[in-house]
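Engineer: The numbering used here puts the first residue of the sequence shown at 18, with every later residue one more than the last.
My structure is below; once you've seen it, I'll send some questions.
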Amino acid sequence: MKLRLVVDGRWEARNYAPGRCLGFSYPRFERYETFEEMAEKALGEDRIGVLRMDVDDLGAIFAQGIPEEERSFTRLSVLSRMFNSFFKEALPEVVMGAESGIGTGGTGGWKSPFLERVDYPADRRRAIEVIYSGGDDLFIVGAWSDVLEAAFDIRERFGAFTANNPCLHLSGGVVVHRHDYPLYRLAEISAREEENAKSFEGKDALSFCGVPAKWDGYREVWSRVFPALFEQAEGNRIALDGEERNGKRKYYARLFVSRQFLRRVMITFQPLKVLYPEDSERFKICIPRLHYYLGRQKELMGRRRQDEARASQWQVLESELIQNALYPEPLVYPVFVWADLLCRGG
18 MKLRLVVDGR WEARNYAPGR CLGFSYPRFE RYETFEEMAE KALGEDRIGV
68 LRMDVDDLGA IFAQGIPEEE RSFTRLSVLS RMFNSFFKEA LPEVVMGAES
118 GIGTGGTGGW KSPFLERVDY PADRRRAIEV IYSGGDDLFI VGAWSDVLEA
168 AFDIRERFGA FTANNPCLHL SGGVVVHRHD YPLYRLAEIS AREEENAKSF
218 EGKDALSFCG VPAKWDGYRE VWSRVFPALF EQAEGNRIAL DGEERNGKRK
268 YYARLFVSRQ FLRRVMITFQ PLKVLYPEDS ERFKICIPRL HYYLGRQKEL
318 MGRRRQDEAR ASQWQVLESE LIQNALYPEP LVYPVFVWAD LLCRGG
């Protein structure tokens with residue numbers, strides 16, 4: 018076998034892509050000069066997101082993952098090299114959307130909740146920068162909506178990479194903030210979110226807005242509740258509106274419910290009330306308040322002329338919100354924060 022090193026444009030690291038060049042794994046990202054440019058690419062609110070993630074119980078994996086009678090330096094070295102291979106070579110492609118086929122419905126067999134539900138512009142690409150990725154962890158910054166969906170893609174791709182081994186999984190934390198907030202502070206806050214996720218029983222968890230839960234728990238609640246909060250496009254997908262800003266196209270979603278309803282439910286299910294319900298008497302009032310706000314919203318919508326499709330969507334939202342308010346973890350607050358961020362800008 019002969020190996021060839023591609024030499025065209027060899028002086029720029031961006032030209033060394035996986036599969037083309039031996040020993041290099043730099044993806045072809047769109048380049049951004051500032052975090053502000055990345056924030057402007059987000060859907061809805063102009064914010065950046067920061068994600069920190071690593072492999073759960075790595076020490077136990079190396080200590081117990083290989084039977085003692087089969088343990089050797091070679092096997093341990095291969096295991097270490099394979100972890101590093103994922104974070105150095107496979108992950109950048111997933112982050113930039115190449116593996117999941119952003120806006121096309123996916124080609125790799127996994128999709129983030131956004132990719133499944135949002136009616137993406139066909140030419141849209143993710144605005145993300147990989148600050149660090151290697152060994153068993155990563156640190157990425159980008160448009161908040163892109164970072165959140167990339168987190169789910171990374172988790173799903175890692176599962177495929179490890180043949181869905183139940184003992185190998187990732188946990189991570191996401192922070193959404195202004196683009197001009199110091200990055201070192203965002204790194205510290207996202208590290209706390211990551212620790213929050215890694216303190217969750219059994220791990221394999223995500224922490225967003227201070228609420229840790231299983232990845233599948235987030236996906237379950239988001240897939241049921243989240244789309245019903247917005248106006249629908251074809252195929253029950255979330256419709257996006259766009260407007261020109263400084264010569265650039267900005268996209269945001271149209272709410273199906275009132276913004277007042279959204280904010281009141283967010284306030285009711287703030288993390289301090291839902292993380293430790295046994296220590297908070299106020300938590301007992303959350304569900305009655307939710308029913309009250311649903312009743313007020315239903316009364317408001319009843320004053321407007323509703324077609325059959327909108328009436329059906331309201332029934333879905335009301336039912337799913339009540340059923341999933343506390344199942345399996347209280348995820349109403351992060352779901353509504355995501356919805357609030359997505360609808361801003363219009």
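For each residue, glycine too, the CB sits at the ideal point set by N, CA and C.
Quantities reported herein were computed from a predicted structural model and do not represent experimental measurements.
Counting C-beta neighbours from all protein chains within 10 Å, is the total for residue 39 16 or more, i.e. buried, or is it exposed?
Structural biologist: Note that residue 39 scores a pLDDT of 40, beneath 50, so its modelled location is shaky; the value from the coordinates is reported in the next line. So residue 39 ends up on the exposed side.
Engineer: Let me check understanding here. Comparing Cα to Cα, which of 249, 242, 180 and 218 lies closest to residue 135?
Structural biologist: Residue 135 has its Cα closest to that of 249, out of 249, 242, 180 and 218.
Engineer: For residue 149, count neighbouring Cβ atoms within 10 angstroms of its own Cβ and tell me buried if that reaches 16, exposed if not.
Structural biologist: Per the 10 Å Cβ criterion, exposed.
Engineer: What are the residues that DSSP puts in a beta bridge with residue 146?
Structural biologist: According to DSSP, residue 146 bridges with 158.
Engineer: By how many angstroms is the C-alpha of residue 310 removed from the C-alpha of residue 335?
Structural biologist: Taking the straight line joining both Cα atoms gives about 10 Å.
Engineer: Within a Cβ cutoff of 8 Å, which residues of the same chain sit near residue 119, ignoring the five residues on either side of it in sequence?
Structural biologist: Since pLDDT at residue 119 reaches only 39, below the 50 mark, its modelled position is unreliable, and no value is offered.
Engineer: Excluding the 5 residues flanking residue 241 on each side, which residues of the same chain have their C-beta closer than 7 Å to its C-beta?
Structural biologist: Taken in chain order, the residues that qualify are 337 and 341.
Engineer: Taking a contact to mean a Cβ-Cβ separation below 8 Å, would you say residue 12 touches residue 346 in this structure?
Structural biologist: Nothing about residue 12 can be read from this structure; the chain reaches only from 18 to 363.
Engineer: Look up residue 229 in the DSSP assignment and say whether it is helix, strand or coil.
Structural biologist: Of the three classes helix, strand and coil, the one that applies to residue 229 here is strand, per DSSP.
Engineer: Mark residue 201 as exposed unless 16 or more other C-beta atoms lie within 10 angstroms of its C-beta, in which case mark it buried.
Structural biologist: The residue in question, residue 201, is exposed, as its Cβ has fewer than 16 Cβ neighbours within 10 Å.
Engineer: Which residue from 256, 281 and 153 puts its Cα closest to that of residue 271?
Structural biologist: Comparing Cα positions, the closest option is 256.
Engineer: Confirm, please, whether the CB-CB distance from residue 157 to residue 68 is below 8 Å.
Structural biologist: In contact: residue 68 and residue 157 (Cβ atoms closer than 8 Å).
Engineer: Within this structure, are the beta carbons of residue 153 and residue 104 separated by less than 8 Å?
Structural biologist: Yes, the Cβ-Cβ distance between residue 153 and residue 104 is below 8 Å.
Engineer: How many whole angstroms separate the CB atoms of residue 359 and residue 61, which I take to be in contact at a CB cut-off of 8 Å?
Structural biologist: Between residue 61 and residue 359 the Cβ distance is about 4 Å, and since that is below 8 Å, they are a contact.
Engineer: Report the option in 78, 84 and 313 whose CA atom is closest to the CA atom of residue 183.
Structural biologist: Answer by Cα proximity: 78.
Engineer: Under three-state DSSP, which class holds residue 13?
Structural biologist: Given a span of 18 to 363 for the chain in the structure shown, any question on residue 13 remains unanswerable.
Engineer: When you compare each of 55, 198 and 231 to residue 213 by their alpha carbons, which one comes out closest?
Structural biologist: Among 55, 198 and 231, the Cα nearest to that of residue 213 is on 231.
Engineer: Looking at the strands, I want to know which residues DSSP matches up with residue 65.
Structural biologist: Answer is 160 and 194, bridged to residue 65.
Engineer: Is it buried or exposed, residue 95, if we count other Cβ atoms within 10 angstroms and call 16 or more buried?
Structural biologist: Under this definition residue 95 is an exposed residue.
Engineer: Between the beta-carbon of residue 196 and the beta-carbon of residue 65, is there less than 8 Å?
Structural biologist: Yes, they are a contact pair.
Engineer: May I ask which residues mark the beginning and end of the beta strand (DSSP E) holding residue 265?
Structural biologist: Per DSSP, residue 265 belongs to the beta strand (DSSP E) from 265 to 270.
Engineer: Do you know offhand how far residue 217's Cα is from residue 288's?
Structural biologist: If I take the Cα positions, the gap works out to 15 Å.
Engineer: Can you pull the DSSP bridge partners for residue 262?
Structural biologist: Answer is 265.
Engineer: Please state the DSSP three-state secondary structure of residue 55.
Structural biologist: In the structure shown, residue 55 sits in a helix (DSSP, three-state: H, G or I).
Engineer: For a quick check, are the C-beta atoms of residue 243 and residue 355 less than 8 Å apart?
Structural biologist: Cβ atoms of residue 243 and residue 355: closer than 8 Å.
Engineer: How is residue 222 classed by DSSP in three states: helix, strand or coil?
Structural biologist: Residue 222 falls in the strand class under three-state DSSP.
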